[in-house]
Amino acid sequence: MRYPNIMGRTVRIVLIAIGALGLWSSGAVVSEVAAQDSLNSQLILPNLTPREVEIRGDLVISFPSLVRQPLIGFNPPPRVPDIAPDRMPYVDEYKQSGDDLPDSPLVKPTPPPVTSLTSGDQSFGEVEATTGNYFNRTVRIRAGFPVSETSNIELDVDYHGSNGNEVFSSIPDVVNDYDTFEGRLDLNHSSRSFRARASIGGYSDAYNLYPVGSLINAPSFNLTPDRTVNGFGGELSLGTGTASRVQVTSAVGFGQYVMDTDLQSSGSIPDMLLERTEQNVTGRLGVTFPVGNASIGLDGRGGLNRLDSGDADEAENSHISGGLKYRTLIGNSVELSLGARILAISITEGSTRDASYVAPSFRLTLSPNPWVDVYASNDPMIENNTITTVTRSNPYVIDQPALEPVVYPINAETGVKIYSGPIRVVGRAGYQVSPNFKYFRRATTAEISEAVEAFSAISYSDASILSGGGDISIALPGRLSFTLGGKYRYAQFENSDDPVPYVAPITGRVSLAYNDPNSRFAAEIASDYTGKRFVDRSKSNELHGYSSLNLSAIYNVNSHLGIAARVNNVFSDDLESWENYLQSPVRVAAGLRLLW
6 MRYPNIMGRT VRIVLIAIGA LGLWSSGAVV SEVAAQDSLN SQLILPNLTP REVEIRGDLV
66 ISFPSLVRQP LIGFNPPPRV PDIAPDRMPY VDEYKQSGDD LPDSPLVKPT PPPVTSLTSG
126 DQSFGEVEAT TGNYFNRTVR IRAGFPVSET SNIELDVDYH GSNGNEVFSS IPDVVNDYDT
186 FEGRLDLNHS SRSFRARASI GGYSDAYNLY PVGSLINAPS FNLTPDRTVN GFGGELSLGT
246 GTASRVQVTS AVGFGQYVMD TDLQSSGSIP DMLLERTEQN VTGRLGVTFP VGNASIGLDG
306 RGGLNRLDSG DADEAENSHI SGGLKYRTLI GNSVELSLGA RILAISITEG STRDASYVAP
366 SFRLTLSPNP WVDVYASNDP MIENNTITTV TRSNPYVIDQ PALEPVVYPI NAETGVKIYS
426 GPIRVVGRAG YQVSPNFKYF RRATTAEISE AVEAFSAISY SDASILSGGG DISIALPGRL
486 SFTLGGKYRY AQFENSDDPV PYVAPITGRV SLAYNDPNSR FAAEIASDYT GKRFVDRSKS
546 NELHGYSSLN LSAIYNVNSH LGIAARVNNV FSDDLESWEN YLQSPVRVAA GLRLLW
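The opening position of the sequence shown corresponds to residue 6 in our numbering, with each subsequent residue numbered one higher.
As C-alpha cells, then:
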C-alpha cells in the first residue's frame, strides 16, 4: 500500500505560505511608508491650552518692602565677645620684636616766604593824613618792604596832634593842645628752621595840664604847664621754625623813658618831684614739646624797672613768673590744659618788700557742637607798670607815681560762645583777686605840694573784682554789621566797703558798620559809654557817666588813592573823664589815603 508523502507536501505548503507571506508583508510595508509620508504632510497637533482656570483657596497679593537697607550691608550684626570679669588688660609697653621702623620721610610743609604773600612787587603800604578843626591832625603809616625771600622790613608810625581848644571861656590862654608820636621799625625773618624779629621804636607825648580852682591865678604856676614823656626801646625775639617738633620762643627787650612837667614858673615844689627817668629790661622764654597726643609747655618771663628821681633815692622793682602746662585733647570736643605758675615780685623804694605766690593754671574748653563753645580758665599773671603804660591810662598822674608790678594769683573767667548763621553771641563772667591792686585817686599835698587839683596819684591795696558781660554781633542784610556789648564790674577792697576810685561799674559799646562788596567804601558809627565813678575812697566826689559818639568813613577812589573822614567826641565835651579835665569837644577831620 502506497502511503502519500505527507511530509513533502507539507514542506511545499509551508514554503509556499512563507513566500506568499513575504510578498504580502513587502507590499504592506511599502503601502505603510507611502501612507506615512502622506500623513506627515497633513499632521495637525492638538490644542492643549486650558479653556478655564480654577483657583482654589485665598488670593494674596504681596508687594516688595520699601524699607531702606542698612548701609553696612546685609551681614549679621557683629558678635559681642564675652569677657571674663576677672580678665586684666595688657598694660605693659608693647614692643615689636626686631628693629624699629625707620623715621617717616614726611615733614611739615614749608610755609610761603614772608615776601611771597602777593604777586609782582612784594612791597605794601598805606599812608593816611587828615586835618580838621582846632588844627587837629593825624598821620598814619603802615609799610613793608622785602629784603629777601624769607625776610622783610615793616614800618609802623602814628602821629596825633592838635592846637587845642579853650578850656575856660573866662581864661582864653588855657588850651589843651597835644602832640603824640609813636613809631616802630621791625626786621622779620621766617624759615623752616628759624624765626627772628628785631624791633626798635620811639615814643613822644607832649600835652598841657591846667590847674583849676584857686590855683588857676596863682603866680607861681604856669597856666598851661607842659608835660612831656619821651623814650625809646627795642626787642629781639628768636624762635624755632615750623619744621621743628619742639617749639622754642625767646625774647629780650629794653627801654628808657623820661617824664617831665613844667608846672611852676617860680615856686617851692622841688624839681625832683616834677621829673622821673625809668630804665627797664624784660625777657621771656618758652618751650613746648609733644608727648604722644598731648604737649607739655614750660615758660618764664620777668622784668626789672629802675626809677631815677634826681636827688631822691632811686626806686627799683622786679618781677618774675614761671609755669608748667600740660595740654591734651579728649575726643573731638574737649580740650584741657592743666598747670601751675609761680609769681614773685620785689619792690625797693626806701625799704624792700618781697612777695611770692603759687597758683593753679587751667583752661577747659567744651565744644558739644560746631556752633557752641563753653570754656573756663584761670590764668595767673603779673601786670608790669611803667611810665608809658601809666600815662596812657591816665595822662594826669603825678610825675612821681608809685610804680610796682601787680600780681593776680586768681584771674578766672568762664563763658560761652554761640555761633548761629549771621549771629555771634559771647557771654562771660570773671573773678580777679590781687594783693596789690592798682587804682588811681586824687593826689594829696604830700605828693605834689599845692597843685593837687591838677593831678591824680596811684595807690595799691588788696582788692577783688567780680565782672560779667557779653557781646552780640549780627551780620545784617545789605552788608551791614551790628555789635552791642556791655560789662559790669564790682570792685571792692578787702575788709572795707569803700569803692575803688575811677572804676566804673557799667561800661558799654554799640556800633553799626557798612562794607561795600567791592571794598571801595566803608563806614562805621560807634558809641562808648562809661558809668559813674568816685575819685577817691571817701566818696567826696562822683563823676557823671559819659558817652562819646564817633563816626568814620573811607572811600577808595581807585586801588592807590582814597579819602578818609572822621567825626569824634560828639556829645561828650561837657563831661569829665578824669577829675577837673573835660572831654575834648567835637573833632572833625578829613584827608587822603595812599595805597600800594
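Even glycine gets a Cβ: it sits at the ideal position worked out from N, Cα and C.
- Selection 139, 154, 584, 206 evaluated against residue 460 yields 584 as nearest (Cα-Cα).
- Nearest C-alpha to residue 189 among 147, 180, 415: 147.
- Residue burial annotation: residue 569 is buried, with at least 16 other C-beta atoms found within 10 angstroms of its C-beta.
- When DSSP states are grouped into helix, strand and coil, residue 591 belongs to the coil group.
- In summary, residue 250 is exposed, with fewer than 16 beta-carbon neighbours lying within 10 Å of its beta-carbon over all protein chains present.
- Pairing residue 179 with residue 283, the inter-Cα distance amounts to about 30 Å.
- Boundaries of the beta strand (DSSP E) harbouring residue 306: 299-313, taken from the DSSP string.
- DSSP places residue 382 within a strand segment (E or B) once states are collapsed to three.
- Comparing alpha-carbon positions, the option among 475, 386, 425 lying closest to residue 440 turns out to be 386.
- A distance below 7 Å separates the beta carbons of residue 418 and residue 433.
- Excluding five sequence positions before and after residue 518, the CB atoms of its chain that fall closer than 6 Å to its own CB belong to 486, 529, given in chain order.
- Residue 138 sits in a helix when the DSSP states are folded into three classes.
- Judged by pairs of C-beta atoms under 8 Å, the segment 297-316 touches the segment 328-335, as three or more such pairs exist.
- Minimum Cα-Cα distance from residue 554 among the listed residues 357, 548, 571 corresponds to 571.
- For residue 247, the three-state secondary structure derived from DSSP is coil.
- DSSP, reduced to helix, strand and coil, places residue 279 within a helical segment of the structure shown.
- Around the beta carbon of residue 391, 16 or more other beta carbons sit within 10 angstroms, so the residue counts as buried.
- In this structure, the straight-line span from the alpha carbon of residue 484 to that of residue 129 is close to 27 Å.
- Of the other Cβ atoms in all chains shown, fewer than 16 fall within 10 Å of the Cβ of residue 296; this residue is therefore exposed.
- In this structure, the straight-line span from the alpha carbon of residue 138 to that of residue 184 is close to 15 Å.
- The beta carbons of residue 253 and residue 292 sit closer together than 7 Å.
- Excluding the 5 residues flanking it on each side, residue 416 has same chain C-beta neighbours closer than 7 Å at 383, 384, 385, 386, 437, in chain order.
- Following the DSSP letters along the chain, one finds residue 349 inside the beta strand (DSSP E) bounded by residues 339-354.
- DSSP, reduced to helix, strand and coil, places residue 451 within a helical segment of the structure shown.
- With respect to the C-alpha of residue 205, the residue from 215, 212, 191 having the closest C-alpha is 191.
- Considering only 299, 140, 325, the residue with the shortest C-alpha distance to residue 288 is 325.
- If you check the CB distance, residue 170 and residue 510 do not come in under 7 Å.
- In this structure residue 505 is in contact with residue 444, their Cβ atoms being roughly 5 Å apart against a cut-off of 8 Å.
- Residues of the same chain with a CB within less than 6 Å of the CB of residue 265, apart from the 5 flanking positions on each side, are 233, 280 in chain order.
- Here residue 403 carries a coil assignment [DSSP, helix/strand/coil].
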